Amino acid sequence: MTQTLVPTVADRLRAIVGSDHVITQPDRLVAYESDGLTAYRVAPRAVVLPETTEQVSKVLEVLHGEGIDVIPRGAGTGLSGGALPSSDGVIVGTARMNRILSIDDQNRLATVQPGVINARLTKATEPYGLYYAPDPASQSACTLGGNVAENSGGPHCLKYGVTSRYVTGLTVVMADGEVVRFGGAGLEAAAGLDLVGLFVGSEGCFGIATEIEVRLLPKAEGVRTLLGLFDTMAAAGHAVTDIISSGLMPAAVEIVDHATIVAVEASVFAAGYPTDAGAALVIEFDGTEAGLDDDANRAEQCCLAAGAIEVRRAASEEERIGLWKGRKKAFGAMGRIAPDLLVQDATVPRTRLPEVLARITEIGEEYGLNIANVFHAGDGNLHPNILFDRQNQDELERVERASREIMTLCVSVGGTITGEHGVGIDKRGYMPLVHNEVELEMLRRARWVFDPGGNLNPGKVVQ
Amino acid sequence: MTLVQDLRSALPDVAVRDGLEVATGLRGGAEPELVVSPSSTSEVVEVCAWAGRQGLGVLPVGRGAHVDPVRDGRFIVLETSGLTGIEEYEAADMTITARAGTSFGVVDDALAEHGQWAPFDPPSVRTRSIGGFISAAAHGPLWAGYGALKNHVLGATLVTGDGRILRLGGKVVKNVAGYDLLRPVVGGRGRLGIVTSVCLRAFPKPHHERVLVLSDRSVPELLDAGVALGTAPILPVSIVVSGPLTELDGRSALVVRLHGAESTVDADQATLESHIRAPLDRVHEADSLLDEIRDRGGVESRCVEVSVLPSRLRDVVSAMRNVGFASSVVDSYAGRIRIGSNSLEREAVDALRGAAEGAGGALRVVRWAGDDRPAGTPQREAEAGLSERLESIFDPDGVLWPVRP
Ligand SMILES: Cc1cc2nc3c(=O)[nH]c(=O)nc-3n(C[C@H](O)[C@H](O)[C@H](O)COP(=O)(O)OP(=O)(O)OC[C@H]3O[C@@H](n4cnc5c(N)ncnc54)[C@H](O)[C@@H]3O)c2cc1C
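Chains as they are written, first to last, in the working numbering: chain A, 1 to 463; chain B, 464 to 868.
Written out as structure tokens, the structure reads:
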């Protein structure tokens, strides 16, 4: 049962952020009951929406003084329940902290508030011929603060690396309201441990990032996009391994499986993928125009050698968007055929993809569940998506049992339980699959280093 | 019973010798009580526990060339030279795991057999032990094209000061299962534990490398060109400005590396030349030149490093008059200057630190023979406090990191 906030505390918060920006009305709190992991829902006591580092600091000071738990929240697109409220906690949301503070094209850096939407940063840096590389599939909605907290990846992280490679400095408000600076471009030679690197991926448990300094890259001159269509997932998996081990450096290699193709083609997002294909592979190269056709030709040869039935190549930006559509709209399409969708996330060594995917299909059959795969194949980062109805208790239990089996499988081949969505509450129970008790205890102590009172996002990652 | 005898009776299988033959980096500082060379992670655990009982500090040492002298305190040296060999190399997955004492050259040779490499280029990289090189987060200018070393260390096995074994990270490229404790270990200089094995990400060897040079210009002009190249529409894999190079008949130069297909590097060269409105000379047999640049500052008895935003490099370099540019190399994309010289003076370094900090940057003393060691730029107070707390969870009894300069 959600506790209401003591009026005096609510008033103090209103005095800091303005009365419009403290939400306590139950009908308005509904929107904050879950993140992208919709299987869990809890109403928070209140939602506070500060606008500046100073306001975040004062808000945290008040909540810390009152011993009230804090749940940081960006756009709420997280898929592991990282921003799931607790019934006695208060959400501190970054929606109003959406200013791009500076773009330094000379040094290729940008400093942003945490509520800036990922795609907006790229748009804003375009006039300088620059962009922000990590591109989660949710980039039109998710925030940089959420990306930092989850160490998010995206299709093009195969070539360019994930969020942690791009974050150079942070301003963080600690649990008690203290404002701390970590790192900063140009300061690499100052002595000390890499706290920026440690903070990235800390899932809202170490502090609230209120200013984020990131490195930008020059926009590639050209791009080539291919769509390889295969009879079987195994053949597509082999093509991935061949492409990467042939020395090519694709920017992205993404797989869409048969079940997903069928879902996409039956939806308003129909992309023109043949519904009898066992798997589709989206391959993209970017860089200097001059070498791109060679790269694309070689990748096409790899696909054909692995048994592709057809390889399409985009001849224009419009066609490129078309080839990507089946990948990018997959979640939306699946959302329309089942009330709930559990987007799973795990990583395996790339060469183990074919056998792991075959086994995931069997697991789906054994539990009578519809599992569709769409994922970052080049990194071995799987997203088995389980379609279900959370009102159906029996089905929900089967989803949980199947998820555990998939996680155990991925770990058994040398992989791990999450490649980019984080642990949150969803994967907490799987942590013993990858960490022994000594290591889990170390993670608890790491949280203590930053938040000795344990007020920030309690119950997430490790208990 | 002497300490050596005590250790021999407590841990009969661990190789031990007295501390008289100190590693080169430790010369001029306190001497270790003894030197041990464990041959497994479990022996490292036992050594840490034994040292803890004896009230001795433990200093992990790889090749010994890149450690700092210890100011005082009773400590032992734990050599990783007994921990060698490649544990696992999955060429198709492009991951390689090696024990900490393995020299990077061994790893590099194994990768080369499969047309792969690990794009790391700090000074004398081939002879460095992989554990030491991870602990120092040693980097070079290939950072521009490939990202820093810390992005490519996928996993490590670490023995904490109180003898716990932690497997950090893993052997897959993407992994966010829990807080990333591996990150502060990379570059942690042994403060958080003893790395006993490391998993690195490998890359396909580039099909073609082109090395381009601009010389016959003043150092400020070369520097401007280097900084300007960092804003070009294509990003070379490394951009450096070096003081006089033997391989270029004693000329200072801007040296740029391009990787890719031949047609790509042709086009990239043209783009760069038009960006700085100057032709770049192609060097055909560039290996010795690249080695000379990479190793600059790596062998001299004194070495400092400055970091600053690239746009402020000129300010710092112009303050280098007393230090001299002769022994320097600048990674102009990263904004890093490395200066190695046997005759570097403390006052000059202090002044340089002032200039670096005045330009929003920082200075680190990498190596300093002699006792007038200057101070580097410290971490901010709050960061230092958190770092200390972090150390306390890895090394609660303070066994690691005996008193350093
Ligand atoms: C359709 C879809 C596609 C997706 N595709 C990808 C993908 O390709 N790659 C990928 O990595 N992820 C993907 N995601 C997951 C999700 O978008 C990312 O995890 C994203 O980074 C979350 O950002 P957010 O702003 O929504 O954060 P939220 O969901 O609001 O929060 C996520 C976590 O961050 C914490 N947090 C938020 N802001 C801060 C802050 N300022 N300081 C400290 N902690 C904070 C929260 O407490 C929580 O633990 C996808 C999600 C969806 C719905």
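Virtual Cβ for every residue (Gly too), placed ideally from N, Cα, C.
Values in this document were obtained by computation on a predicted structure and should not be read as measured data.
For residue i, the nearest candidate out of the options (CA to CA)
| i | options | result |
| --- | --- | --- |
| S791 of chain B | B:L863, B:G848, B:P707, B:S566 | B:P707 |
| D731 of chain B | A:P44, A:T288, A:P432, A:K328 | A:T288 |
| R352 of chain A | A:G429, A:T241, A:R336 | A:T241 |
| N457 of chain A | A:A236, A:R390, A:S245, A:V423 | A:V423 |
| T143 of chain A | A:C157, A:T122, A:I371 | A:T122 |
| G480 of chain A | A:A191, A:P274, A:F269 | Here chain A comprises residues numbered 1 to 463, so residue 480 of chain A is not present and cannot be evaluated. |
| S403 of chain A | A:I261, A:Y367, A:E437 | A:Y367 |
| I71 of chain A | A:V264, A:V92, A:E213, A:A338 | A:V92 |
| R390 of chain A | A:D11, A:T4, A:T38 | A:T38 |
| V718 of chain B | B:S701, B:V771, B:A724, B:V728 | B:S701 |
| A280 of chain A | A:G326, A:A270, A:V62, A:L217 | A:G326 |
| C410 of chain A | A:V356, A:S152, A:E203 | A:V356 |
| K460 of chain A | A:G429, A:A236, A:V438 | A:G429 |
| A749 of chain B | B:T709, B:A822, B:V649 | B:T709 |
| R12 of chain A | A:G36, A:G322, A:V56 | A:V56 |
| V767 of chain B | B:R627, B:P696, B:L815 | B:L815 |
| D295 of chain A | B:F788, B:D778, B:A782, B:T727 | B:T727 |
| H435 of chain A | A:E362, A:S412, A:G332 | A:S412 |
| A270 of chain A | A:G247, A:S246, A:I255, A:G332 | A:G332 |
| Y166 of chain A | A:G89, A:R108, A:D176 | A:R108 |
Coil, strand or helix - residue i by DSSP
| i | result |
| --- | --- |
| I516 of chain A | The structure shown does not extend to residue 516 of chain A, since chain A is modelled only from 1 through 463, so no value can be given for it. |
| W864 of chain B | coil |
| T464 of chain A | In the structure as shown, chain A starts at 1 and stops at 463, and residue 464 of chain A therefore has no counterpart that could be examined. |
| G228 of chain A | strand |
| F269 of chain A | coil |
| N373 of chain A | strand |
| R352 of chain A | helix |
| T694 of chain B | coil |
| L49 of chain A | coil |
| R410 of chain B | Outside the displayed span of chain B (464 to 868) sits residue 410 of chain B, for which this structure offers no information. |
| E211 of chain A | strand |
| V462 of chain A | coil |
| G821 of chain B | helix |
| Q579 of chain B | strand |
| I261 of chain A | helix |
| V59 of chain A | helix |
| L195 of chain A | helix |
| A235 of chain A | helix |
| D835 of chain B | coil |
| G222 of chain A | strand |
| H312 of chain A | As written in the sequence, residue 312 of chain A is Arg, which differs from the His given in the question. It is a strand residue. |
Proximal residues of chain E, C-beta to C-beta of residue i below 8 Å
| i | result |
| --- | --- |
| T53 of chain A | Among the chains of the structure shown, chain E does not appear; the protein chains present are A and B. |
Any non-hydrogen atom of ligand 2 closer than 7 Å to residue i Cβ
| i | result |
| --- | --- |
| G454 of chain A | In the structure shown, ligand 2 is absent; the only ligands present are ligand 1. |
Which runs of the alpha helix (DSSP H) spanning at least 4 residues fall entirely within the region 375-456 of chain A, listed in chain order?
-> 393-412, 431-434, 437-450
How about the region 306-317 of chain A and the region 217-226 of chain A: do they share at least three Cβ pairs that are nearer than 8 Å?
-> Flag = yes, the region 306-317 of chain A and the region 217-226 of chain A touch.
With a floor of 4 residues, list each alpha helix (DSSP H) that falls wholly inside the region 110-172 of chain A, ordered by position along the chain.
-> 118-125, 144-150, 157-160
Residues from the region 762-792 of chain B in contact with chain A, defined by Cβ distance under 9 Å = V767, E768, V769, S770, V771, L772, P773, S774, R775
Write down every uninterrupted run of the alpha helix (DSSP H) in the region 600-687 of chain B whose length is 4 residues or greater and which is fully enclosed by it, in chain order.
-> 606-609, 645-648
May I have a chain-ordered list of the alpha helix (DSSP H) segments no shorter than 4 residues that lie completely inside the region 533-566 of chain B?
-> none
For the region 742-756 of chain B and the region 672-687 of chain B, state whether three or more C-beta atom pairs, one from each stretch, are separated by less than 8 Å.
-> yes
Start-end ranges of the alpha helix (DSSP H) lying completely within the region 695-760 of chain B, minimum 4 residues | 725-739, 750-758
Residues of the region 290-323 of chain A with a CB closer than 7 Å to any CB of chain B: list them in chain order, please.
-> A290, G291, D294
Closer than 8 Å, Cβ to Cβ, to anything on chain A: give me those residues from the region 637-663 of chain B, in chain order.
-> K637, N638, V639, A640, G641, Y642, D643, L644, R646, P647, V649, G650, G651, R654, L655
Mind the definition here: the region 588-596 of chain B touches the region 561-576 of chain B only if three or more C-beta pairs lie below 8 Å; say whether that holds.
-> Counting Cβ pairs under 8 Å, three or more are found: they touch.
Okay, do the region 753-763 of chain B and the region 788-808 of chain B touch, 3+ Cβ pairs below 8 Å being the bar?
-> Counting Cβ pairs under 8 Å, three or more are found: they touch.
Using 8 Å as the Cβ pair cut-off and three pairs as the minimum, do the region 261-278 of chain A and the region 206-220 of chain A touch?
-> The answer is no - the region 206-220 of chain A does not touch the region 261-278 of chain A, with fewer than three Cβ pairs under 8 Å.
Proximal residues, the region 830-850 of chain B versus chain A, C-beta separation under 7 Å = G839, T840, P841, Q842, R843, A845, E846, A847, L849, S850
Could you run through the region 214-229 of chain A and flag, in chain order, every residue whose CB is less than 9 Å away from some CB of chain B?
-> Of all residues in the region 214-229 of chain A, L217, P218, K219, A220, E221 have a Cβ within less than 9 Å of some Cβ in chain B.
Would you call the region 150-163 of chain A and the region 42-51 of chain A touching, i.e. three or more CB-CB distances under 8 Å?
-> At 8 Å Cβ cutoff, the stretches do not touch.
Going along the region 183-197 of chain A in order, which residues come within less than 9 Å of chain B, judged by CB to CB distance?
-> Among the residues of the region 183-197 of chain A, those with a Cβ less than 9 Å away from any Cβ of chain B are G183, G184, A185, G186, L187, E188, A189, A190, A191, G192, L193, D194, L195, V196, G197, in the order of the chain.
Short-range partners of chain B found in the region 131-156 of chain A, where Cβ spacing is below 7 Å = E150, N151, G153
Does the region 633-648 of chain B come close enough to the region 334-347 of chain A to have 3 or more Cβ pairs within less than 8 Å?
-> Contact holds: three or more Cβ-Cβ distances are below 8 Å.
Cβ contact check for the region 439-446 of chain A and the region 52-66 of chain A: 3 or more pairs under 8 Å = Two segments are said to touch when three or more pairs of C-beta atoms, one from each, lie closer than 8 Å; by this definition the region 439-446 of chain A does not touch the region 52-66 of chain A.
The region 184-203 of chain A contacting the region 621-628 of chain B, beta-carbon criterion three pairs below 8 Å = Between the region 184-203 of chain A and the region 621-628 of chain B there are fewer than three inter-stretch CB-CB distances shorter than 8 Å, so the stretches are not counted as touching.
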